[in-house]
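Sequences listed follow chains A and B, in order.
Be aware that the first sequence starts at 2, since it is given in the numbering used here, and climbs by one per residue.
Be aware that the second sequence starts at 33, since it is given in the numbering used here, and climbs by one per residue.
See below for the structure under consideration.
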Amino acid sequence: MASVPATRLFRSLVVPVTLLLCWEGISRAGWVTPLILPSPTAVAIRWVAYLTPLEPFDAAAGPWWRWALSGELPHDVFTSLLRIVVGFVIGAGLALPLGLVMGARPLVYELFNPVLQVLRPIPPIAYIPLAILWFGLGNPPAFFLISLGAFFPVLMNTIAGVRAVDSIYLRAARNLGAREGTLFWRVMIPAAMPYILTGVRVGIGVAFIVVIVAEMIAVNTGLGYRILEAREYFWSDKVIAGMFTIGLCGLGIDLGMSRLNNRLLRWHRGVEG
Amino acid sequence: MSAPLDGGVAAPAIRARGVRKVFCAGGREVVALDGIDLDVAPGEFVCLLGPSGCGKSTLLNAVAGFSLPSSGELTALGKPVTGPGPERAMVFQEYALFPWMTVERNIAFGLEIAGAAPERQREVVDALLAKLGLGDFRDRYPKDLSGGMRQRVAIARVLAIDSPMLLMDEPFGALDALTRRSLQDELLRIWAELKKTIVFVTHGIEESIYLADRVVVMTYRPGTVKRIVPVGLPRPRDPSSAEFNALKREVTALVMEEQARHQADEAHATAD
Ligand SMILES: Nc1ncnc2c1ncn2[C@@H]1O[C@H](COP(=O)(O)OP(=O)(O)O)[C@@H](O)[C@H]1O
Ligand SMILES: [Mg+2]
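Structure follows, in C-alpha cells:
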C-alpha cells in the first residue's frame, strides 16, 4: 500500500499550506502593514539571511563547517541551547539526588517538604528581580533561573517515582542477597526511571521557556534576546523568523527526549519496540 | 544431604515452635498465626494449605525473614531467622521479575550481586535457560512473556543462586490450568533432581496433594496447624486415581471447615 504514507503526508500538509497561502494572500493584498504581519516569503527570506554566514568563505580562517555555522542564527541557537544544558544540568543535578533521598527516606521528606511546598508554586519568572540582584547581568542569572525551572519538575517526579516503587521488587532483591547500595542503584533507580524521565521532560520544557524569558531580560545573546532586539528595530519578519526558530528548537528537543525515553524505557509496558 | 542427628533423624530444614504473629491494623489486633509448631525435613516438599486469610503467606514470609514472628522460635537451616537471605529463596505469585532487566539479567541478578565472574554467570544462565525451556527468551523483557514463562524465569532466578530452600507463595495461582500442570511437573522434576527443600503455599487442594510429601492444613484466624496430612502416593501421581481422590476428600473436608469459618467471618465483617 504505497499510497498510504503519501496520503498521510498530504493530509498533514493541507492545513499548514492553506494557512500559509491565506497569510501570504492577506499580506500581498495589503490588508495589514508588513510591520504588523510580514508575508511568509518576507519571513522566509529574513530567516535565510539570519541563517547564512555574514562573511564570505575563507579557507584560511578554518574548516568549511565552522564557516557554515558562523551566521547569527546558528550562533544564537547554540548559545540558547548551551544555557539550557548548563542550567538543566545544575537544576536536575541537584533535584535528582535530593528527590531520591526524599523518596526513600521519610525523615528527609518530612524535613524538606514544607520548604519545597512553599517554594514550588513560585514561577521561575518571579525570581527574575532577585536573580538580577544576586547575580547581576549575563549568564549567571540565566543559569540560575533555568536551573530553578528544571529543579522542581525533576524533584517532584523523582520523589513520586521512588515512592511508587513496588515493594515486591525490593523484597525480591533483598531475598536474592541485595544490600542497601545494590537496592538503591539496581532496583530503586531503574524502577523509578519512568517517573524520573517524565520529570526530565517537563523540566527541559520549563527550562526552554525560562531561557527565552531570561534572554529577554538578563543577557544580549541568544534567541530570546534576538527577537526582542528585532522588535526594537521594527523587524517584524525577523521576530517571526526567530519565533519560528525557537519552535523548531523546541520540537527538536522534544523529539530527542522522546527517543531517549523510548530507548531507556524499552522494558516498560506501553512502550513499543 | 545433612548428617543425621540422634538416631537417624535429620536436623530439620525449618523448625517452628510456638510461632505467633500479631498484626495491628487500624487499632485492632489481628492474630495471624498462633502456636505454629512445624518441622520440615531437608529435601522435603511441604504444602501449606488453607482458605485465603488463614496466614499462609504470613508464615512463609516469616521463614523468608521479611516479617519476623511476634513471638516463638523459628529456625531455618539450623539458624534463627533474623532477616531475608539468599539461602531461603522466594518465588512470588506476582513473579516479581525486574521489568527493566532482560530474562538473562534477571536470572543472573543473584550471582551478579554476589560478585560472580561474568563467565560463571553466563554458564549458569545458559544451563537454566535450557533446563526451563527458555532458550529463545534470553534477551526479552518480562513484559513480552506469558505468565507461565515469567514464572519459569522467576524459578530460574532462584535456582541460579543455588539456594537449598525454595519458598513459593501461590506461584502458579495466576496461571491457566494447563500451564499450571506443566509447571507443577517441571517443579517436581527440578525438586527430584536438585533435592531442594520446598515450602509451597497454595489454596488448591488438588495441587497440594499432587505436589507435596506432606500437606499442612491450616486453621483460619488464628492461623494454626489444623492437621498434617502425609501423602504417601508414588510420583507421578494420578489425580484421577482412587487413592488420590480419597485423600482429596479427606483434605477437602478439613479445608471446608475452615472455609466456613472464613465465610462466617466475612459475613460478620460486612454486617459491622
Ligand atoms: N501487613 C499486614 N497488616 C495487617 N494485617 C495483615 C498483614 N498481613 C496479613 N494480615 C492479616 O493476617 C491474616 C493472614 O494473612 P495472609 O498470611 O496473607 O493469609 P493467606 O496468605 O493465607 O491468604 C489475614 O487476616 C490478613 O488480613
Ligand atoms: Mg497469601
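Just so it is clear, CB atoms sit at the ideal spot from N, CA and C, and this is done for glycine as well.
Buried or exposed: residue i, going by 16 or more other Cβ atoms within 10 Å of its Cβ?
i: A:PRO17; result: exposed
i: B:GLN125; result: buried
i: A:MET103; result: buried
i: B:CYS56; result: exposed
i: B:HIS300; result: exposed
i: A:SER237; result: buried
i: A:LEU198; result: buried
i: A:LEU20; result: exposed
i: A:CYS250; result: buried
i: B:GLN153; result: buried
i: A:THR290; result: Given a span of 2 to 274 for chain A in the structure shown, any question on residue 290 of chain A remains unanswerable.
i: A:PRO64; result: exposed
i: A:ASN158; result: buried
i: B:GLN295; result: exposed
i: B:THR229; result: buried
i: B:MET288; result: exposed
i: B:ARG221; result: exposed
Just to confirm before moving on: does the CB-CB distance between residue i and residue j stay below 7 Å?
i: B:ALA186; j: B:VAL123; result: yes
i: B:ALA146; j: A:GLY178; result: yes
i: B:GLY87; j: B:ALA108; result: no
i: B:ARG182; j: B:GLU136; result: no
i: A:PHE144; j: A:VAL212; result: no
i: A:LEU156; j: A:ALA242; result: no
i: B:GLN291; j: B:PRO83; result: yes
i: A:ALA208; j: A:ILE129; result: no
i: B:GLY180; j: B:LEU207; result: yes
DSSP puts residue i in a beta bridge; with which residues?
i: B:ILE260; result: B:VAL248
i: B:LEU106; result: B:ALA48
i: B:PHE77; result: B:ILE230
i: B:PHE55; result: B:VAL62
i: A:ILE123; result: In the DSSP output, where bridge partners are listed per residue, A:ILE123 has none listed.
i: B:LYS111; result: B:ALA108
i: B:GLY255; result: B:LEU65
i: A:ASP255; result: Answer is none; A:ASP255 lacks a bridge partner.
i: B:LEU160; result: Partner(s): none; B:LEU160 has no beta bridge.
i: B:ASP71; result: B:ARG47
Take residue i and list the residues in its own chain whose beta-carbon comes closer than 8 Å to its own, dropping the five residues that flank it on each side.
i: A:GLY139; result: ALA219 and VAL220
i: B:LYS111; result: none
i: A:LEU38; result: TRP24, ILE27, SER28 and SER237
i: A:THR8; result: none
i: A:VAL188; result: VAL166, TYR170, LEU171, ALA174 and ALA179
Just reading off the alpha helix (DSSP H) that residue i is part of, what are its end residues?
i: A:TYR207; result: Before going on, a small fix: residue 207 of chain A reads as Val here, not Tyr. Where A:VAL207 is concerned, the enclosing alpha helix (DSSP H) stretches over 190 to 218.
i: B:ALA192; result: 179 to 192
i: B:ALA121; result: Counting along the chain, B:ALA121 falls outside any alpha helix (DSSP H), though it belongs to the beta strand (DSSP E) covering 120 to 123.
i: A:GLU233; result: 223 to 233
i: A:PHE145; result: 140 to 164
i: A:TRP135; result: 129 to 136
If I measure Cβ to Cβ from residue i and keep anything under 6 Å in the same chain, skipping five residues before and after, which residues do I get?
i: A:GLY162; result: ALA193, TYR196 and ILE197
i: B:ILE260; result: ARG246 and VAL248
i: B:ARG189; result: ASN138 and ILE139
Near residue i, what residues of its chain come up, given a Cβ to Cβ distance below 7 Å and the 5 sequence neighbours on each side ignored?
i: A:LEU10; result: none
i: A:THR246; result: LEU74, VAL78 and LEU224
i: A:SER13; result: none
i: B:LEU265; result: GLU275 and PHE276
i: A:LEU36; result: PHE235 and SER237
I need the boundaries of the beta strand (DSSP E) containing residue i, first residue and last residue.
i: B:ASP201; result: 197 to 201
Is residue i near ligand 3, going by C-beta to nearest heavy atom under 6 Å?
i: B:SER89; result: Looking at this structure, you won't find ligand 3 anywhere; what it does contain is ligand 1 and ligand 2.
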